[in-house]
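Engineer:
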Amino acid sequence: MTVATWIIAILFVFPLLWMILTAFKQENDAYTDPPKLFFTPTFDQISNVLNSGFLPYLGNSAFVTVISTLLVLLLGIPAAYALSLAPVKGTKNALGFFLSTKMLPIVAAIIPLYVISQNTNLLDTVWALIILYTAMNLPLAIWMMRSFFLEVPGEMIEAARIDGANLPTLLRKIIMPVVAPGIAATALICVIFSWTEFFYAVNLTAARAGTVPVFLVGFITSEGLYWAQLSAAALLASLPVMIVGWIAQNHLVRGLSMGAVK
1 MTVATWIIAI LFVFPLLWMI LTAFKQENDA YTDPPKLFFT PTFDQISNVL
51 NSGFLPYLGN SAFVTVISTL LVLLLGIPAA YALSLAPVKG TKNALGFFLS
101 TKMLPIVAAI IPLYVISQNT NLLDTVWALI ILYTAMNLPL AIWMMRSFFL
151 EVPGEMIEAA RIDGANLPTL LRKIIMPVVA PGIAATALIC VIFSWTEFFY
201 AVNLTAARAG TVPVFLVGFI TSEGLYWAQL SAAALLASLP VMIVGWIAQN
251 HLVRGLSMGA VK
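With the UniProt record's numbering, letter number 243 in the sequence shown gets 243, and the count goes up by one each step, no holes.
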């Protein structure tokens, strides 16, 4: 069983490892058949990517991702609390509505979104992406955080209320420490979805507000693919998410395991 697990893990990780290897090759080494496993590493491709205007796209992606994730948490935490620990009539209908918003294919909405963005002067701006990414991630975040809030023992909340804690104090000192791993996991998933989103970005941005996925498309030309440069760009594009995931891995595992059968 252990051998099979290692084989499956290697198969999943192999494309990432191959991308990293190719990023440090010259273009002629990237096109050899059979592929070269032993070569002289070079930073030329990474340098070329950085000198070809990568940083503005990286800045746009970072700004859009951080702001949209903060907005999702700002809106989603109160909603998740209301739908879990303080439910009112129609809660199930609200949850069903949130879930139904994820069923609409985004390609069906791109034309009206384009027209709205154009008429509101949001076309080719980071604010259009922030609004869309917030709306895109909010339903999933509410569903996830609701399940985490349901794990808070009712006795703790009741004891805090008896001691005179108001709602802000209850959220800050009692509930938030318990659900913090779940919120961290939700935030990380929102970061990944926002960072890697391509369809909205490629259709609603151009020169000023393009994100990292849009930048990667520039390496697909009529002359063919520049595998080494494309691999270097993909490595730089995925590095921030990998670093964030590595730092938050303990919170992610704890958050995703909340509610599991013990």
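All residues carry an ideal CB built from backbone N, CA and C; glycine is no exception.
#1: Straight-line CA distance for Tyr81 to Ser100?
#2: Return the residue from the list Ser52, Leu204 and Glu197 that minimises the CA-CA distance to Asn121.
#3: Starting from Ser231, trace the alpha helix (DSSP H) both ways and give me its first and last residue.
#4: State the CB to CB distance for the pair Lys102 and Leu74, rounded to an integer number of angstroms; the pair is presumed to be in contact (CB under 8 Å).
#5: Work out the CA separation of Leu150 and Lys262 for me, nearest whole Å.
#6: Report buried or exposed for Gly259, applying the criterion of at least 16 other Cβ atoms within 10 angstroms of its Cβ.
#7: State the DSSP-derived secondary structure class of Thr211, mapped to helix, strand or coil.
#8: If you check the beta carbons only, do Gln229 and Gln26 fall under 8 Å apart?
#9: What span of residues does the alpha helix (DSSP H) with Asn137 cover, start to end?
#10: By the three-class DSSP mapping on this structure, what secondary structure does Thr32 have?
#11: Do three or more CB pairs link the region 125–133 to the region 58–70 at distances below 8 Å?
#12: Can the beta-carbon of Gly96 be found closer than 8 Å to that of Phe148?
#13: How big is the Cα-Cα spacing for Gln118 and Ala206?
#14: Can you find the residues in the same chain that come closer than 6 Å, C-beta to C-beta, to Arg208, ignoring five residues on each side of it along the sequence?
#15: Consult DSSP for Thr221 and reduce its assignment to one of helix, strand or coil.
#16: Taking the straight line between their C-alpha atoms, what separation do you get for Val244 and Phe39?
#17: Mapping the DSSP letters down to three states, classify Pro105 as helix, strand or coil.
#18: Give a yes or no on contact between the region 157–172 and the region 101–115, applying the rule of three or more CB pairs nearer than 8 Å.
Structural biologist: According to the data block:
#1: Spanning the two alpha carbons is a distance of roughly 20 Å.
#2: Leu204
#3: Run containing Ser231: Trp227 to Ile247, per the alpha helix (DSSP H) assignment.
#4: So it is not a contact: roughly 20 Å between Cβ atoms.
#5: Low confidence applies here, because Lys262 scores a pLDDT of 41, under 50, leaving its location unreliable and the question unanswered by this model.
#6: Confidence is the limiting factor: at Gly259 the pLDDT is only 49, short of 50, which leaves the residue's position unreliable and the question unanswerable from this model.
#7: Assigned with DSSP and collapsed to three states, Thr211 falls in coil, not helix or strand.
#8: For Gln229 and Gln26, no; Cβs fall outside 8 Å.
#9: Val126 to Phe149
#10: Thr32 falls in the coil class under three-state DSSP.
#11: yes
#12: no
#13: 13 Å
#14: Asp124
#15: The answer is strand: DSSP assigns Thr221 an E or B state.
#16: 30 Å
#17: coil
#18: no
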